[in-house]
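Structure record follows, encoded as structure tokens.
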DNA sequence: TCTTTGTATTATTTATTATAATACAAACCG
DNA sequence: CGGTTTGTATTATAATAAATAATACAAAGA
């Protein structure tokens with residue numbers, strides 16, 4: 040899976056990496072059990088420091104999306120056993136998005152249509 | 040309107056202020072044309088630096104939510120004439136939220152229900 | 001004139017982010 | 001066994017962002 044960063048974004052690189060991998064898992068481009076690039080390999084490919092990639096992997100590991108093995112690298116977890124509820128961070132982010140939507144006059148129905156597109 | 044900040048949040052104070060004011064506008068706690076607290080007043084009330092509040096107001100002004108007057112302070116804009124579409128930032132944030140929701144097994148229907156709650 | 005408003009300026013401190021250069025333990029490979 | 005590759009730890013440094021502090025200014029109302 041191609042991971043590209045936007046150097047002009049105000050989102051830190053390590054978070055952009057984390058976000059893209061989570062997105063890849065969610066849309067199936069990364070399968071459960073699939074091998075991720077090595078820390079050094081991805082760092083070189085992206086032109087960033089390997090510790091920056093490591094930071095992203097540490098976060099993904101802590102969040103339960105991946106696991107790592109000293110020898111075998113990082114893999115997507117086979118069973119992503121999360122609770123079927125949004126995290127606190129996501130709920131707050133969603134509230135911010137919806138507050139903007141309301142101000143812009145986007146109806147609940149239209150908003151759900153937009154969500155549907157992201158759901159595919 | 041009460042503006043409270045979470046000092047343990049990883050969101051900068053000036054953004055927390057900005058977010059709460061946008062939220063207040065969206066749910067009607069702040070009405071169009073309504074006077075906002077003064078920069079210095081709000082800073083003292085919240086126990087933060089006045090330049091931090093000023094930074095939030097600058098952002099809100101730039102985004103088109105409020106306007107300021109050297110003598111009369113800051114007010115919510117009467118006509119919030121935004122395009123009826125989400126900003127790029129909001130769309131990206133929504134995509135991140137939905138990617139997490141999908142991984143957690145939350146269906147599109149359940150997600151729309153959650154959105155409905157935020158819409159009131 | 002005095003006060004209050006947002007704003008500008010300058011400096012300093014703190015925290016975060018990113019890079020750099022190594023090093024280490026574990027485990028696989030030939 | 002020796003060499004290589006893996007994630008990880010360490011230490012230092014640089015760059016940037018965030019927050020505070022202390023003033024000062026122009027505008028405008030009382």
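Chains as they are written, first to last, in this note's numbering: chain E, 40 to 159; chain A, 40 to 159. Positions of the beta carbon are idealized from the N, C-alpha and C atoms, including for glycine. Keep in mind it's a predicted model, so treat the numbers as computed, not measured.
Residue 117(A) CB to nearest chain E CB: under 9 Å? Within the second chain, numbered from 1, the residue matching residue 117(A) stands at position 78. By this cut-off, residue 117(A) is not an interface position.
Do the CB positions of residue 112(E) and residue 75(E) come within less than 9 Å of each other? Taking the first chain and counting its residues from 1, one reaches residue 112(E) at position 73. Taking the first chain and counting its residues from 1, one reaches residue 75(E) at position 36. Contact annotation: residue 112(E) and residue 75(E) have beta-carbon atoms nearer than 9 Å.
Short of 7 Å Cβ to Cβ, which residues in the segment 43–70 of chain A face chain E? 58, 61, 62, 64, 65
Alpha-carbon to alpha-carbon, residue 87(E) and residue 161(E): As displayed, chain E neither begins before 40 nor continues past 159, which places residue 161(E) out of reach and without an answer.
State whether the segment 44–59 of chain A contacts the segment 90–109 of chain A, with contact taken as three or more CB pairs (one from each stretch) at a distance under 8 Å. yes
For the candidate residues 124(A), 127(A), 70(A), 138(A), whose alpha-carbon lies nearest to that of residue 130(E)? As a first step, residue 130(E) must be located in the first chain, where it is residue number 91. Residue 138(A) is the option with its Cα nearest to residue 130(E).
Distance between residue 109(E) and residue 124(A) (C-alpha atoms, nearest Å): Position 85 of the second chain, counted from the first residue, corresponds to residue 124(A). Position 70 of the first chain, counted from the first residue, corresponds to residue 109(E). Those two C-alpha atoms are separated by around 46 Å.
Residues of the segment 134–146 of chain A with a CB closer than 7 Å to any CB of chain E: list them in chain order, please. Closer than 7 Å at the C-beta level to chain E, one finds these residues of the segment 134–146 of chain A: 134, 135, 136, 137, 138, 139, 140, 141, 142, 143, 144, 145.
Is the CB-CB distance between residue 71(E) and residue 136(E) below 9 Å? As a first step, residue 71(E) must be located in the first chain, where it is residue number 32. As a first step, residue 136(E) must be located in the first chain, where it is residue number 97. No, these two residues do not count as a Cβ contact at 9 Å.
Please confirm whether residue 85(A) and residue 44(A) have their CB atoms less than 9 Å apart. Within the second chain, numbered from 1, the residue matching residue 85(A) stands at position 46. Within the second chain, numbered from 1, the residue matching residue 44(A) stands at position 5. Yes. Within cutoff.
Since residue 95(A) is in the alpha helix (DSSP H), which residue starts that stretch and which ends it? Indexing the second chain from 1 puts residue 95(A) at position 56. Note, residue 95(A): alpha helix (DSSP H), 89–102.
Could you check if residue 156(A) is buried or exposed, using at least 16 other CB atoms within 10 Å of its CB as the buried criterion? Here residue 156(A) is taken as the residue at index 117 of the second chain, counted from 1. Exposed.
Please name the residue, chosen from 83(A), 77(A), 90(A), 89(A), that lies closest to residue 106(A) on a Cα-to-Cα basis. To locate residue 106(A), count along the second chain from 1; it is residue 67. Cα-wise, what sits closest to residue 106(A) is 77(A).
Comparing C-alpha positions only, which one of 153(A), 126(A), 151(A) sits nearest to residue 143(E)? Numbered from 1 along the first chain, position 104 holds the residue referred to as residue 143(E). Answer by Cα proximity: 126(A).
Comparing the C-beta of residue 89(E) with each C-beta of chain A, is any distance below 9 Å? Position 50 of the first chain, counting from 1, holds the residue named residue 89(E). For residue 89(E), the answer is no, since every Cβ of chain A falls outside 9 Å of its Cβ.
Between the C-alpha atoms of residue 99(A) and residue 119(A), what's the straight-line distance to the nearest angstrom? For this step, residue 99(A) is matched to residue 60 along the second chain. For this step, residue 119(A) is matched to residue 80 along the second chain. Rounded to the nearest angstrom, the two C-alpha atoms are 12 Å apart.
Classify residue 105(E) as helix, strand or coil using the three-state DSSP reduction. Counting from one through the first chain, the residue named residue 105(E) turns up at place 66. Strand.
Proximal residues of chain A, C-beta to C-beta of residue 155(E) below 7 Å: On the first chain, position 116 is the one that residue 155(E) refers to. Near residue 155(E) (Cβ distances below 7 Å), the residues of chain A are 147.
Residue-chain proximity (residue 130(A), chain E), Cβ-Cβ < 9 Å: Here the question's residue 130(A) lines up with position 91 in the second chain. So yes, residue 130(A) belongs to the interface.
Using the rule of at least 16 other Cβ atoms within 10 Å of the residue's Cβ for burial, across every protein chain shown, is residue 47(E) buried or exposed? In the first chain, counting from the first residue as 1, residue 47(E) sits at position 8. Exposed, because fewer than 16 other Cβ atoms sit within 10 Å of the Cβ of residue 47(E).
Using alpha carbons as the reference points, say which of 49(E), 117(E), 66(E) lies closest to residue 159(E). Taking the first residue of the first chain as 1, we reach residue 159(E) at position 120. In terms of CA proximity to residue 159(E), 66(E) leads the group 49(E), 117(E), 66(E).
Compare the C-beta of residue 123(E) with all C-beta atoms of chain A and state if any pair is closer than 9 Å. For this step, residue 123(E) is matched to residue 84 along the first chain. Yes, residue 123(E) counts as interfacial toward chain A.
Does DSSP put residue 74(E) in a helix, a strand or coil? Taking the first chain and counting its residues from 1, the one referred to as residue 74(E) is at position 35. Three-state result, residue 74(E): strand.
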